[in-house]
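Peer 1: Residue numbers (this note's numbering), protein chains in the order written: chain A, 1 to 315; chain B, 1001 to 1291; chain C, 2001 to 2323. Dropping a structure here in structure tokens format, bear with me for questions.
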Amino acid sequence: MLLFAGKRLASLVLTMFVSSIVIFGSLYLVPGDPAVYLAGSDKVTPEQLDALRAEYNLDDPFLTRYVDWLGGVLHGNFGQSLQYKESVGHLLAGRIPTSGLLVAYAGVLILVVGLTMGLIGALNRGAIDRAVLVIISATIAMPVFVSAVLLLTVFSVELGWFPATGGGAGLLDRLWHLTLPAIALALSLSGAVARVARASFVDSVDRDHVAVARSRGIPERHVVRRHVVRNALGPVATMAGLVIAGLIVTTTIVETAFGLNGIGSLLQRSVAQQDFPVVQAISLVVVAAFLVCNTIVDLLYPIIDPRVASWRRPA
Amino acid sequence: MSAASTTAAASRFRLRAIPGLAGPAPVIVSVTILAVVVIAAAIAPLITTFTPDQVDLAATLRPPGTAGHLLGTDSTGRDIFSRVIFGARVSLVPPLLVTALASAIGITLGVVCGWFGGMVDAGLSRVVDFLFAFPGLLVAMLAVALFGRGLTAPTVGLIVAFTPYVARLARNLVIQEKSRPYVEAYRQQGFGNHTIAFAKVLPNIAPTLLAQCALGFGYALVDLAALSYLGLGVQPPTADWGVMVAEGQDALVQGVAFPVLFPCIAVLLVVVAVNIVGDYLGDKLSGRVAA
Amino acid sequence: MTGTEALRIESLSVDLGRGRSGRPILSDVSMYVRPGETVGFVGESGSGKSVTTRTVLAMLPAKASVSGRVLVDGVDVLSADRRRLRSIRSGQVAMIFQDPRAGINPVRRIREYLAEGLVASGGRRADALARCSALLESVGIRDPAKVLEQFPHQLSGGMLQRIMIAGALASEPALLLADEPTTALDVTTQAEVVSILERRRADAGAAMLFVTHDLDLAAAICERIYVMYAGRIVEHQSAADLFANPRHPYTRALLASTPRLGESRRIEAIPGRPLSLSETVAGCGFAPRCAFAGDLCTREVPALRRIGGAEVACLRAEEVAPS
């Protein structure tokens, strides 16, 4: 068990390390002088280019620069934003609360809606299940930007129930402002969780041990919770891990649509302005979040399904 | 990454997208919708009365149906119908390119890995596992950050991001297929390694791959439209569904919804139709379940 | 009479409806089990034994239409409300299933399996947890503390079936339903599990309906035996008489098809195959495979009638076994 956890964590660190090389090195895929790219335009004086070269140590060998950069990242120093002339770490820190809250909010909605839909479908085969399947199909096909715009149309513009833009102040007001964006994410992404959950629940409802539990007079709510849901959690956890990990990138779309000032909208602006130090830092955060989510699911797996612990090992 | 999380990641592209709607009637409707969209895009100049970027500041935000504007006009007086039809070209061709190239590269890599195994497989599988940590949208945005806005960078980015999924699927299918008796039979008849792999095995796994391509096309369409919506892909004033949604959002704040709704409907129709067809192909053509 | 029996089934018929089966899966099944008595229930797979047994716990196939009555201690389970049904399931009747590996939740510990049943039958959780270890000892498990913390995949099939027996008898039920409890086990552990089951049942004083396709096993532990073919009871008599003088051609054929030690006679397979659910027959369901069948057998459904101490559903029973 400990060995398993150790190997998973080692694999996480290794993948993270390789990812950082790729993200850092991608700058050198751009043809031409990196200094010109960083300046963001061709119309710069040689002096300005020299200053950039000095600031980013562009004359050092690649490895030296990478090690310097990585050392800085490990100390929380992601460099300077070209666009804002501000430290990237500082830029991120100001926006993490909004995005973090949004991801958590949407994550909870996605899990609750996905599991509920899956369970309703699996426990009510027939007309209700068919209806659930159609809803699942519709949400799977729904792009995030479409659900964001549709929600804006209906609830902000037509009905005026929710604010159309801005992040709000104070926790309650913030949650209020984040409700539509979170629903937009859940509308498009809960279908993937619901689909896997339904299939997994259907599989476990038909198992003999569920009939046995019922034959022993165990209350139905316990049968559903301990024997149907409990046994179906494995695939659900894997899918939920993937979807929630992906949320951090997907927030880019809703934060832009709803005018929220978070990591996602910062990524959008930095990509548009080719503000590479910021893009680099956010990419690292996204990949790290993805890997951490997957690792958590992997580490939870032996607890979710004890049969797995004995044969499963990290690749 | 661990075996379980990567197979889960790979299966995201393999799992059917439309669990309940794979019957023949929805499939016929879907194929019809796709055919109509493709033909309309191809003959766009013949069926539209306005050019897509013909501004008319005297006729802004006209509601659908007025004065020859079937779907109304947007906030600069451009005909929404022409923009949706011409937009189909810009919105559909790049995802097609992404699907075609990612499939070509991915299938080649996958067949080579699955068929030859050993070091090649181990090495490439490592790379593929690693790439799963980069979501398609992130790779596309990284590409835009490096090479600038427009269609080229995100298209290339998505090809890079989607290839691993195809490669993983093709590899698993080939490994499964390799153990079947007919492969040994071809060997006995003296067919060469490459001939069996590409001329005999590949056609057998093609239906499953094709079904996945259909679903992959849907993902590519949505991701590219999202990038255009974010202002990172297709640039205004070019008509593209994502761009139209972004531009329409200004009118939306003024309380006018239709400029945003029509491109949204276009995206939804195509994605739903493609998913239904993809699932149908996966069910009917492949016949057996891939591992 | 009613009310004194642990189980009484009166003209039970179960039909899946058109399109799903060609005939009712159970037709006019009647039987009884007295308190403390062990009754065998024998037939080929698919004959309807399991459906009958499950009906006692009101576990019916989806959308089945049911007629007749199933009385547990005088109460009809088919018309019982949810609460009543739950108390019957958790207290009065317990069932042991064929495959313990499928029947015990693979992701929960043995302790949870046992405690859950005890809590359902009205115990407090703390008491239940404390009783688990004694329950395991009662079925001959030597290291209960260790086994309680294990998961099903770490235990053998025989071990799991003992655990299921322990769990079934924990609530001191008046009636035990054993649905082929040894079929899924290794031959070597079958005898052991049966003897534990029989001993524990006798200790608890419970009545038992023992479902099996093995006539010899049924004869060894049961007082009376019901034989079922194609959803109908075809014969019913005491275990000793059934062996000495089987009256239904199907029972005779079943006995003749079982190899026996120390006998040098031909083993005779029953010709043909059992009726499938989709097949409808006019007349006796066994007629197509029956050596004694006459014209009338293919036209008239034989009713269960009393001949001596036995009940037989055969038109030509007197010719088959002249007594």
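Glycine residues also receive a C-beta, built at the ideal position from the N, C-alpha and C atoms. What you are looking at is a predicted structure, and each value in this text was computed from that prediction instead of being measured.
1) Between the alpha carbons of B/Gly1118 and B/Leu1124, how many angstroms are there, rounded?
2) Is it buried or exposed, C/Asp2015, if we count other Cβ atoms within 10 angstroms and call 16 or more buried?
3) Taking the beta carbon of C/Thr2340 as the centre, do at least 16 other beta carbons fall within 10 Å, making it buried, or is it exposed?
4) Tell me whether the region 261-276 of chain A and the region 1142-1160 of chain B touch, counting them as touching only if at least three CB pairs, one residue from each stretch, are closer than 8 Å.
5) Would you give the residue range spanned by the beta strand (DSSP E) that C/Gln2237 belongs to?
6) Output yes if chain B places a C-beta closer than 8 Å to the C-beta of A/Gln48; else output no.
7) Given that a residue counts as buried once 16 or more other Cβ atoms are within 10 Å of its Cβ, and exposed if not, what is A/Ser99?
8) Only counting the same chain, and skipping five residues up and downstream in sequence, which positions put a Cβ closer than 7 Å to that of B/Leu1202?
9) Taking a Cβ distance cut-off of 7 Å, strictly less, list which residues of the region 2127-2158 of chain C are near chain A, in chain order.
10) List the endpoints of the continuous alpha helix (DSSP H) containing C/Leu2078.
11) How about A/Ala245 and A/Ala289: are their beta carbons less than 8 Å apart?
12) Are the C-beta atoms of C/Met2095 and some chain A residue less than 8 Å apart?
13) Check whether the Cβ of B/Val1271 lies closer than 8 Å to any Cβ atom in chain A.
14) When the Cα of A/Ala169 is compared with those of A/Asp305, A/Asn261, A/Leu300, which residue comes out closest?
15) A/Thr256 touches chain B at which residues, Cβ-Cβ below 7 Å?
16) Can a CB atom of chain C be found closer than 8 Å to the CB of A/Arg225?
17) Which residues in chain A sit within 9 Å of B/Val1253, going by Cβ to Cβ distance?
18) What's the call for C/Arg2201, buried or exposed, on a 16-neighbour Cβ count within 10 Å?
19) Please list, in chain order, all residues of the same chain as C/Ala2256 whose beta carbon is under 6 Å from its beta carbon, the five residues on each side excluded.
20) Between which residues of its own chain and C/Ala2303 is the CB-CB distance below 6 Å, once the five residues before and five after are set aside?
21) Can you confirm whether A/Ile296, when its beta carbon is compared against all beta carbons of chain B, has any partner nearer than 8 Å?
22) If you measure from the beta carbon of C/Ser2079 to each beta carbon in chain A, is any gap under 8 Å?
23) For the alpha helix (DSSP H) containing B/Phe1081, list its first residue and its last residue.
24) Can you check which of these residues, A/Val254, A/Val212, A/Gly126, is closest to C/Lys2063 by C-alpha distance?
25) Chain C beta carbons: is any one of them nearer than 8 Å to that of A/Arg130?
26) What are the partner residues of B/His1069, as DSSP defines its beta bridges?
27) Does the contact criterion of 3 or more C-beta pairs under 8 Å hold for the region 1256-1275 of chain B versus the region 1173-1189 of chain B?
28) What do you get for B/Gln1254, buried or exposed, if any count of 16 or more other CB atoms within 10 angstroms of its CB means buried?
29) Would C/Arg2084 count as contacting chain A if we go by Cβ distances under 8 Å?
30) Quick check on the burial criterion: 16 or more other C-beta atoms within 10 angstroms. Buried or exposed for C/Lys2146?
31) Could you give the distance in angstroms between the alpha-carbon of A/Gly107 and the alpha-carbon of A/Val36?
32) Quick check: the region 1180-1197 of chain B against the region 1031-1038 of chain B, are at least 3 beta-carbon pairs closer than 8 Å?
33) Please report the distance separating the alpha-carbon of A/Leu316 from that of C/Pro2152.
34) Would you give the residue range spanned by the alpha helix (DSSP H) that B/Gly1218 belongs to?
35) Compare the C-beta of A/Ile218 with all C-beta atoms of chain C and state if any pair is closer than 8 Å.
36) Within the continuous beta strand (DSSP E) that includes B/Asp1250, where are the two ends?
Peer 2: By the coordinates alone:
1) 10 Å
2) buried
3) Nothing about residue 2340 of chain C can be reported from this structure: the residues present for chain C run from 2001 to 2323 only.
4) yes
5) If you look at C/Gln2237, you'll find it in the beta strand (DSSP E) that goes 2232-2238.
6) no
7) buried
8) Val1111
9) Hits within the stretch, in order: Phe2151, His2153.
10) First-last for C/Leu2078: undefined, no H or E at that position.
11) yes
12) yes
13) Chain A, which has a Cβ nearer than 8 Å to the Cβ of B/Val1271, makes this yes.
14) A/Asn261
15) Leu1230
16) No - not a single Cβ of chain C is within 8 Å of the one on A/Arg225.
17) Leu152, Ser156, Val157, Ala164, Thr165
18) buried
19) Counting only Cβ-Cβ distances below 6 Å, and skipping sequence neighbours, we find Glu2268.
20) Excluding sequence neighbours, C/Ala2303 sits near nothing in its chain.
21) no
22) no
23) 1080-1116
24) A/Gly126
25) Contact of A/Arg130 with chain C is not assigned, every C-beta pair being separated by 8 Å or more.
26) Answer by DSSP bridge pairing, in chain order: B/Thr1066.
27) no
28) With fewer than 16 other beta carbons inside 10 angstroms of its own, B/Gln1254 counts as exposed.
29) no
30) With fewer than 16 other CB atoms across the displayed protein chains lying within 10 angstroms of its CB, C/Lys2146 is exposed.
31) 41 Å
32) no
33) Residue 316 of chain A lies beyond the stretch modelled for chain A, which goes from 1 to 315, so this question has no answer here.
34) Run containing B/Gly1218: 1202-1229, per the alpha helix (DSSP H) assignment.
35) yes
36) Unbroken run through B/Asp1250 is the alpha helix (DSSP H), 1241-1253; no beta strand (DSSP E).
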